[in-house]
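Engineer: Chains as they are written, first to last, in my numbering: chain Z, 13 to 279; chain C, 18 to 418.
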Amino acid sequence: MLELASKQGISTGNDGPENSPLTIRGLTVSYGQKPAVFSVDMTVQTGAMTAIIGPNGAGKSTLLKAALGIVKPLSGQVQVFGKPLAAQRHRVAYVPQRASIDWDFPTRVIDVVLMGLYRELGLLRRVQARHRQLAGDCLDRVGMREFGDRQIGQLSGGQQQRVFLARALAQEADLYLLDEPFAGVDAATEKAIIEVLKSLREAGKTVVVVHHDLATIAEYFDNVFLINTRKVAEGTVAEAFSADNLQATYGGRLATSQVDQLARNIS
Amino acid sequence: MLFDALLLQLGYNATLVAIGATLLGVAAGVTGTFLFLRKRALVSDAISHATLPGICLAFIIMVSLGGDGRNLVGLLAGSAISAWIGLLCLSWLTRHTRLAEDAAIGAVLSVFFGLGIVLLTVIQTMSSGRQAGLEGFLLGSTAGMLWADAMVIAIGGAAALVLVLVLRRPMTLVAFDPEYAAARGLPVDRIDLAMMGLVMAVTVVGLKIVGLILIVALLIIPPVTARFWSERSDHVVLLAGLIGGFSGYIGAAISASAPNLPTGPIIVLVGFSIFAISLFLAPNRGVLAAVLRHFRFQRRVHLRQGLLALAQNQPIYEKLTLRLLRRAGFARADGVATDQGRARAAKALRDEKRWQVVRADRLHEAAAALYDGLRDIETVLTRDQIVDIDARIGGPAGVPT
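Below you can see the structure in the form of structure tokens.
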């Protein structure tokens, strides 16, 4: 059945690297002596939603961080919209993992979203009514407008995640990279986030998500990128999200029955 | 006497010290806030102790060149250079070795301070070293403060404040979310170094008044105190500046009002007093508020449990529960429900059932997120929604909502 799906001619849609929103070539990142990501190539398709999946410690977050220049790679190149990252940073928005933050930091929800306008505000420009308006609109899109004046520590985990997404939206970027946005959030948040991501895709933006829930891959995403330190496969869900590739990525960690189940969901 | 001191009526030196201490307090409070927000408050301790070898070397060099070894600008320049070297050692150790920052701080602090003490002893044996008075830099010495000294503090403090104003956004962003800051292309390492450089500047400027051992208190106590009163980083910065300035001013005035009261330590104690008051009395984050909140919550839990027990005719054993029910007029002394108590109990039980429906219904997700077992359902849902839920539950109508 799976083969059938891929033969139905759903194109992989991989446009050439020269105009892809994110192209990675031969990327190796290492913490200490053990590579977390080894010689990985990736070409993200414009206007699609791509999931990066793989077991714990497979280098998913590291791949994202290297793409953003947060961690320094040992080797390899990253190109954003066909140019080096430095020249294109304003077109990239990043949503980090919620757990990486101290949520007791003295700041309000609206202030976090305003951080998304850093480029526009610069060092000294005052925050004006239109900036607050824009930040409020971004909160509205994630269903959090009335929370603007709350201290961030008073939010639930899901609400915190949505605030991070609102901050990314405020950047008005073209490429959105999200690290485990669905980890440990409630169902209402998951729904709110996926709605926003779909609306971004409809607006022609490109979305890349580090994802852990294999059951929702087919429902949420167009493309998958399977990684376990090395790249295993990349392509449309129909094509690359196959039993063989999952087995190759997760090894013995997924029961064969689970793999079959997932593969059946797609076809 | 103290009153005169507060009004700057105690003479030239006392006035200079008071003004200098106030300015230093503001600069230290504001700059220290960013260190505190970045959770690296102790770095300031390493920086301040690393000034000592520089002070001593500057003295030795100035004397050997035939100048006056006590020239303040020269000494401060020396202290800044060695503090900067200490800072670079610290960041090199944390970034390129497996040493954690706390261990690196301990290493840099003790080695630099030890070297400084050795150099101090060497200076004591020099012919011109006897009257050097460099020990004054350990705990501050304001007795012989000059107009020029006050100017150094004023200019240095003002420069630090201007730089903080310019760098406040990137420093806040890096303190809150360094990965996001890096993803936005901010040079995180350089911003950190700039922040530490500002702390170093304030430390150097404050050596004369509070000394290198206690300057860390002026950098840390004001922001920690301010944090009790505000949930906004920009307000914490301003408040810390105010608290630091206030401590400096009051501390200087107190120490001027009686003989032999050391300025630096008194300033630190004034700052601590404000901290202690905040610790206990601040709304929300204060100790007292937390205790009250706990008791209030406990009472709500007991009252709710008591009502549910009444509704289901279960015996109540907890004394606190009985007392609360009695005080609210819901039960008699023997634990039997009053009419009012029965009505409230029925409502509480009804609410439990309504909550069950709400929590099982995906459409009510937002409301369900507020469930804590204590909340009255009408604070979350509209009357129409409750009627709708009641229709689904069935059972006796006319239960008051």
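Each residue gets a CB set at the ideal place from its N, CA and C atoms; glycine is no exception.
So with CB distances below 8 Å, who are the chain Z contacts of V183 of chain C?
Structural biologist: Locating residue 183 of chain C in the second sequence gives position 166, where the first residue counts as 1. Those are L135, L136, listed as they occur along chain Z.
Engineer: Is the CB-CB distance between T189 of chain C and A38 of chain C below 8 Å?
Structural biologist: Position 172 of the second sequence holds residue 189 of chain C. Position 21 of the second sequence holds residue 38 of chain C. Inclusion of T189 of chain C and A38 of chain C in the CB contact set at 8 Å is not warranted, their separation being larger than that value.
Engineer: Taking 8 Å as the threshold (C-beta atoms), are L177 of chain Z and P193 of chain Z in contact?
Structural biologist: In the first sequence, the residue the question calls residue 193 of chain Z occupies position 181. In the first sequence, the residue the question calls residue 177 of chain Z occupies position 165. Closer than 8 Å, so yes.
Engineer: List the endpoints of the continuous alpha helix (DSSP H) containing M168 of chain C.
Structural biologist: Taking the first residue of the second sequence as 1, we reach residue 168 of chain C at position 151. First-last of the alpha helix (DSSP H) with M168 of chain C: 164 to 193.
Engineer: Label I36 of chain Z either buried or exposed according to how many other C-beta atoms from any shown protein chain fall within 10 Å of its C-beta, with 16 as the threshold for buried.
Structural biologist: As a position in the first sequence, residue 36 of chain Z is number 24, starting the count at 1. With 16 or more Cβ atoms within 10 Å of its Cβ, I36 of chain Z is classed as buried.
Engineer: N240 of chain Z bridges to which residues according to DSSP?
Structural biologist: To locate residue 240 of chain Z, count along the first sequence from 1; it is residue 228. Per DSSP, Z:R242.
Engineer: Who are the neighbours of G323 of chain C on chain Z, taking C-beta pairs under 8 Å?
Structural biologist: Taking the first residue of the second sequence as 1, we reach residue 323 of chain C at position 306. None at all; the shortest Cβ gap to chain Z is about 29 Å.
Engineer: Identify whether F117 of chain Z lies in helix, strand or coil by the three-state DSSP scheme.
Structural biologist: Position 105 of the first sequence, counting from 1, holds the residue named residue 117 of chain Z. Three-state DSSP puts F117 of chain Z in coil, outside helix and strand.
Engineer: For a test of the three-state rule: what should DSSP assign to K210 of chain Z, helix, strand or coil?
Structural biologist: The sequence position of residue 210 of chain Z within the first sequence is 198, counting from 1. Looking at K210 of chain Z - three-state DSSP - the assignment turns out to be helix.
Engineer: Which residue comes first and which comes last in the alpha helix (DSSP H) that contains R316 of chain C?
Structural biologist: Translated into positions along the second sequence, residue 316 of chain C becomes position 299. Its alpha helix (DSSP H) spans residues 304 to 328.
Engineer: Within 10 Å of its beta-carbon, does S87 of chain Z have 16 or more other beta-carbons around it, so buried, or fewer, so exposed?
Structural biologist: Taking the first sequence and counting its residues from 1, the one referred to as residue 87 of chain Z is at position 75. Counting Cβ neighbours within 10 Å, S87 of chain Z comes out exposed, since fewer than 16 surround it.
Engineer: Would you tell me roughly how many angstroms separate the C-alpha atoms of S264 of chain C and R207 of chain C, rounded to the nearest one?
Structural biologist: The residue you call residue 264 of chain C lines up with position 247 of the second sequence. The residue you call residue 207 of chain C lines up with position 190 of the second sequence. Taking the straight line joining both Cα atoms gives about 31 Å.
Engineer: Skipping 5 residues on each side, what residues in its chain have a beta carbon closer than 8 Å to that of H143 of chain Z?
Structural biologist: Within the first sequence, residue 143 of chain Z is the residue found at index 131, counting from 1. Same-chain partners within the cutoff: L126, L129, E132, L133.
Engineer: Name the chain Z residues whose beta carbon is nearer than 7 Å to that of Y197 of chain C?
Structural biologist: Residue numbering aside, residue 197 of chain C sits at position 180 when the second sequence is read from its first letter. Those are Y106, P108, listed as they occur along chain Z.
Engineer: Is it buried or exposed, G263 of chain Z, if we count other Cβ atoms within 10 angstroms and call 16 or more buried?
Structural biologist: Reading the first sequence from its first residue, position 251 is the one you call residue 263 of chain Z. So G263 of chain Z counts as exposed.
Engineer: Should V197 of chain Z and G155 of chain Z be called a contact, given that it needs their Cβ atoms to be closer than 8 Å?
Structural biologist: The count along the first sequence starts at 1 and reaches residue 197 of chain Z at position 185. The count along the first sequence starts at 1 and reaches residue 155 of chain Z at position 143. If you check the CB distance, V197 of chain Z and G155 of chain Z do not come in under 8 Å.
Engineer: Pull out every residue of the stretch 113 to 127 of chain Z whose Cβ sits closer than 8 Å to any Cβ of chain A, in chain order.
Structural biologist: Judged by its chain identifiers, the structure shown contains no chain A, and its protein chains are Z and C.
Engineer: Where does A456 of chain C land, buried or exposed, given buried means 16+ other C-beta within 10 angstroms?
Structural biologist: The question about residue 456 of chain C has no answer, for chain C in this structure spans 18 to 418.
Engineer: What in chain C is Cβ-close to Q163 of chain Z, meaning under 7 Å?
Structural biologist: As a working mapping, residue 163 of chain Z is identified with position 151 in the first sequence. In chain order: E248.
Engineer: Give the range of the beta strand (DSSP E) segment to which T242 of chain C is assigned.
Structural biologist: Taking the first residue of the second sequence as 1, we reach residue 242 of chain C at position 225. Counting along the chain, T242 of chain C falls outside any beta strand (DSSP E), though it belongs to the alpha helix (DSSP H) covering 228 to 244.
Engineer: Would DSSP call Q172 of chain Z helix, strand or coil?
Structural biologist: In the first sequence, counting from the first residue as 1, residue 172 of chain Z sits at position 160. DSSP places Q172 of chain Z in helix when its eight states are reduced to three.
Engineer: What do you reckon, are the CB atoms on L126 of chain C and D194 of chain C nearer than 8 Å?
Structural biologist: Residue mapping note: residue 126 of chain C aligns to position 109 of the second sequence, counting from 1. Residue mapping note: residue 194 of chain C aligns to position 177 of the second sequence, counting from 1. Going by C-beta atoms, L126 of chain C is not nearer than 8 Å to D194 of chain C.
Engineer: I need the straight-line Cα distance from T62 of chain Z to G202 of chain C, nearest angstrom please.
Structural biologist: Counting from 1 along the first sequence, the entry for residue 62 of chain Z is found at position 50. Counting from 1 along the second sequence, the entry for residue 202 of chain C is found at position 185. T62 of chain Z and G202 of chain C have their alpha carbons spaced roughly 24 Å apart.
Engineer: Any chance the stretch 110 to 120 of chain C sits against the stretch 66 to 80 of chain C, with 3 or more Cβ pairs inside 8 Å?
Structural biologist: As far as the Cβ criterion goes, the stretch 110 to 120 of chain C does not touch the stretch 66 to 80 of chain C, which means the pair count is below three.
Engineer: Quick check on the burial criterion: 16 or more other C-beta atoms within 10 angstroms. Buried or exposed for I410 of chain C?
Structural biologist: Position 393 of the second sequence holds residue 410 of chain C. Result: exposed.
Engineer: Report yes if the CB atom of G352 of chain C is closer than 8 Å to the CB atom of L339 of chain C, and no otherwise.
Structural biologist: Within the second sequence, numbered from 1, the residue matching residue 352 of chain C stands at position 335. Within the second sequence, numbered from 1, the residue matching residue 339 of chain C stands at position 322. Result yes, Cβ atoms of G352 of chain C and L339 of chain C sit closer than 8 Å.
Engineer: Going along the chain, which residues of the stretch 51 to 64 of chain Z sit with their C-beta nearer than 9 Å to a C-beta in chain C?
Structural biologist: none
Engineer: For R37 of chain Z, write down the residues that DSSP places opposite it in a beta bridge.
Structural biologist: Counted from its first residue, the first sequence places residue 37 of chain Z at position 25. R37 of chain Z is bridged by DSSP to Z:Q89.
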